[in-house]
Amino acid sequence: MAYVDGFVIAIKKSKLKKYQQMSKKASKVWMKYGALEYIETVGDDLKVKGVMPFTKLAKTKSGETVVFSWIVYKSKAHRNAVNKKVMADPFMTSFDPKDSPFEMHKMAYGGFKTIVSVK
Numbered sequence: 006m007a008y009v010d011g012f013v014i015a016i017k018k019s020k021l022k023k024y025q026q027m028s029k030k031a032s033k034v035w036m037k038y039g040a041l042e043y044i045e046t047v048g049d050d051l052k053v054k055g056v057m058p059f060t061k062l063a064k065t066k067s068g069e070t071v072v073f074s075w076i077v078y079k080s081k082a083h084r085n086a087v088n089k090k091v092m093a094d095p096f097m098t099s100f101d102p103k104d105s106p107f108e109m110h111k112m113a114y115g116g117f118k119t120i121v122s123v124k
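Numbering follows the numbering used here, in which position 62 of the sequence shown is assigned residue number 67; successive positions increment by one, without gaps.
Here you go:
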């Protein structure tokens, strides 16, 4: 079954356009090296009663929203091989965290094993 890298980011709404531009470039890099899917989404319906909202999970402040994203791979080994190539790509080696549209320390990230997949 597939392996997924997932992440949640709190981001200022005023920086969404810059983030989207960066993500479009990043998606091309991941796909170039073999990722199966690259998905970036932005919060739309985040005030759901009875559950912990993503805004609380991401500890957003006034003027911020949540980006919820994932990259799909064939397996964990495939993910590790793809990410090794991605991290050596000029797009990543030239990335300056000071120019990031979000605060890196506010990003939640992890690798996930698929336990159910229906298409």
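Glycine is no exception: its CB is placed at the ideal position from the N, C-alpha and C atoms.
Taking C-beta atoms under 8 Å as the contact rule, V71 and G48 qualify, at a distance of about 4 Å. Below 8 Å, enough C-beta pairs join the region 92-109 and the region 21-40 to call them touching: three or more.
For the pair V13 and L62, the CB atoms are nearer than the 9 Å cut-off. Residues of the same chain with a CB within less than 8 Å of the CB of E108, apart from the 5 flanking positions on each side, are A15 in chain order. With 16 or more other Cβ atoms inside 10 Å of its own Cβ, N88 counts as buried. Under the DSSP assignment, S67 falls outside any alpha helix (DSSP H); it carries neither an H nor an E label.
Judged by DSSP secondary structure, K81 falls within the alpha helix (DSSP H) whose first and last residues are K81 to A93.
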